[in-house]
Amino acid sequence: MELPFLSIREVSELINRKEVSPVELTQSILDRIEGVDSKIHAYITILGEEALRVSKEAEKQISSGTYLGALHGVPISVKDIFVMKGTRTTCGSKILENFVSPYDAMVVEKLKHSGAIIVGKNNMDEFAMGSSTENSYFGPTRNPWDLERVPGGSSGGSAAATSASICFASVGTDTGGSIRQPAALCGIVGLKPTYGRVSRFGMVAFASSLDQGGPLTKTVEDAALMLNVIAGGDARDSTSVHIPVPDYAMQLDGEIKGIRVGVPKEYFIKGIDVEVEGAVKNAIRLIEDLGCPVEEISLPHTEYAVSTYYLIAPSEASSNLARYDGVRYGFRVPDSNSLREMYHRTRAEGFGAEVKRRIMIGTYALSAGYYDAYYLKAQRVRTLIKRDFEEAFKKVDIIITPTSPEVAFKIGEKTDDPLKMYLSDIFTIPCNLAGLPGISIPCGFTSGGLPIGLQFLGRPFDEETILRVAHAYELRTNWRGRRPPI
Amino acid sequence: MKISKDAVRHVAELARLEFKEDELERFSEQLGNILEYMEKLNEIDTASIEPTFHVLGLSTPLREDVVKPWLSLDEALENAPEKEEGFFTVPKFIED
């Protein structure tokens, strides 16, 4: 039996029946990491020893009759943006290369309490700024489906690791598509919960009004199982929301008749890959056949989303990243003659090009004389984008779109043209601006064998409905039957 | 749209960054292109539209002001690039 290729649900049943031991399972994943990760570089840090130690504890608990639930004894990974006590958290940056956290992120704490085994920290675009994982200080991650191509980003390490079965699932973050787009490009499931659903405590901040953590998994059911664990309010994150968390996995019964689907015409634009468009339209027809009435809707301000996002996110980032000053933690350039020189040289040497570019855009947009014209203007347009969704959700229950206008592109293809890279996020950004939940699931392959992603967007705090429809679609298809050639 | 090198230098100063001459050249061009794309937002009249700084519209939650244990002094200083006697140390910044 090839253990690493199972889903969380499948492997957890074996663990619960004591047919597979967490130690054996963890060793099988560590062995596979050893064999595969040098080709794709999905991990920045591998926690082999620690993972084995925790797996022995899990084994002891389970054999003495204490079973904590679906994640107990299951090896998973987390994006290197979540701090974890006693381990290095780099956020893909030189400036945090040697940062060892003195505490756990809420997501990490919850995963530990669920009995999950964290085997490593995944590679990512520096400070989650990017759509290809090429902006990591530690070098790019490669797409398991084609090693010459990017895995998407910024949670590219999380997506590649899950796709290549060198973890059963990962937790990433999504500020403008950073969970959903890499999930689409790697042929897996990626869920961005509603803003406020998952605590941001201990998650290194990029754009605080947009950032949200969520799972990358092999199946929709696994995404529900992961969300069950990581969701919930947290007194240490004042923007997390204290409302009850339903059992998401319990609701996946395949029955979706009568759920009204909207398809926004603005998401089928010139320039979208024809094979992507074809696969998405086929998927929508299948969902209609499952009993969901489908209607065309309009989200008229979609074309302004990229401009809006690339003013708001860099503005928030320029403020959030002011903390990296070489004083309290992180990299400090040696031998400065003054405090001013130390700040400037530390940040100039510690940050990579894209991070500096975003700090510069944000600082410019917030600076005297430009604040109204850029930052405030973008926040006003954000209101219009949010209203578009509010109007649409009066008529439909979920919205279906392509996740990305294209499939995985070649490494290096867009690195010289930042604007071209930014436009990769055109279909994922509006969801963050409006704070909605969104999920990407596989819906086919191009003739060249590259995965295509399908996106479902739901009402705020209604993760259930998008999970239910995505699950029903998944039950009727078998895209997971195809594995990357690695 | 072109952003002058002087403007880039000014913004870099505000952001506590610095660039070499060839980087300044590249950044002024790239920032210009990006900001030109942002001009698209001016197609929309937003005079009567309130900004959305935050989707949830939450107010600041309040709690009792009670002391809770958090990091010890040693833990808080553990990652410091330079420290001395329980303090972070930085290059001298007060003139003699």
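Top to bottom, those sequences are chains U and P.
Heads up, the first sequence is in this note's numbering, so the first residue is 2 and it goes up one at a time.
Heads up, the second sequence is in this note's numbering, so the first residue is 5 and it goes up one at a time.
Every residue gets a Cβ at the ideal spot worked out from N, C-alpha and C, and that includes glycine.
With distances taken between CA atoms, SER320/U lies nearest to ALA206/U out of ALA206/U, TYR268/U, ASP389/U and ALA349/U. In the structure shown, the three-state DSSP call for GLY450/U is coil. Interface flag for PRO73/P against chain U is unset, since no Cβ pair is found closer than 9 Å. Below the 7 Å Cβ cutoff, chain P contributes LEU45 and THR50 as neighbours of LYS378/U, in chain order.
With a threshold of 16 other beta carbon atoms within 10 Å, PHE202/U meets it and is buried. Those residues of the region 214-240 of chain U placed with their C-beta closer than 7 Å to a C-beta in chain P are SER239 and THR240, ordered along the chain.
Shown here, PHE457/U sits in a strand according to DSSP, grouped into three states. In the displayed model, MET251/U falls within a helix according to three-state DSSP. Within the region 49-88 of chain U, the complete beta strand (DSSP E) runs of at least 3 residues fall at 76-80.
Scanning ILE47/U, SER65/U, ARG18/U and ILE118/U for the CA closest to the CA of ASP81/U turns up ILE47/U. For the set VAL275/U, ILE467/U, PRO485/U and ASN144/U, the Cα lying nearest the Cα of GLU407/U is the one of VAL275/U. Judged by DSSP secondary structure, GLY215/U falls within the beta strand (DSSP E) whose first and last residues are 214-218. Identification of chain P residues near LYS387/U by a Cβ-Cβ cut-off of 8 Å yields THR56 and VAL59, ordered along the chain. In this structure, the alpha-carbon of GLU392/U lies about 13 Å from that of VAL264/U. In the DSSP assignment, GLU296/U forms a beta bridge with GLY263/U. Among the bridge pairs identified by DSSP, SER441/U is matched with GLY191/U and GLN456/U. Among the residues facing chain U, GLU25/P is not included, as its CB has no counterpart in that chain under 9 Å away. Sorting SER299/U, GLN456/U and ASP336/U by C-alpha distance to the C-alpha of GLU86/P places ASP336/U at the top.
PHE462/U is positioned such that its CB atom lies no closer than 9 Å to that of GLU127/U.
Interface criterion not met: the Cβ of LEU300/U is under 9 Å from no Cβ in chain P. Pairing LEU192/U with LEU228/U gives a Cβ-Cβ distance under 9 Å.
The residue among ASN123/U, SER94/U and ASN136/U with its C-alpha nearest the C-alpha of THR163/U is ASN123/U.
Following the DSSP letters along the chain, one finds ALA280/U inside the alpha helix (DSSP H) bounded by residues 275-290. ASP147/U sits in a strand when the DSSP states are folded into three classes. Around PHE31/P, the same chain offers VAL12 and PHE23 as residues with beta carbons nearer than 7 Å, after the five sequence neighbours per side are excluded.
For ALA232/U, the secondary structure class from DSSP, reduced to helix, strand or coil, is strand.
For GLY197/U, the chain P residues whose C-beta falls within less than 7 Å of its own C-beta are LEU60, listed in chain order.
The beta carbon of MET42/P sits closer than 9 Å to some beta carbon of chain U.
Assigned with DSSP and collapsed to three states, GLY327/U falls in coil, not helix or strand.
Spatial neighbours of GLY140/U in its own chain (CB-CB distance under 7 Å, excluding positions within 5 residues in sequence) are listed in chain order as HIS42.
For LYS357/U, the C-beta contacts it makes with chain P under 9 Å involve ALA16, ALA19, LEU21, PHE23, GLU27 and PHE31, in order along the chain.
For ALA208/U, same chain residues with a beta-carbon under 6 Å away, outside a window of 5 residues either side, are THR176, ALA314, GLU317 and ALA318 in chain order. In this structure, VAL101/U lies near ASN83/P, with their beta-carbon atoms less than 9 Å apart. Judged by DSSP secondary structure, THR91/U falls outside any beta strand (DSSP E); it is assigned neither H nor E. Pairing PRO245/U with SER441/U, the inter-Cα distance amounts to about 24 Å. Taking 9 Å as the threshold, the shortest C-beta distance from GLU82/P to chain U falls below it.
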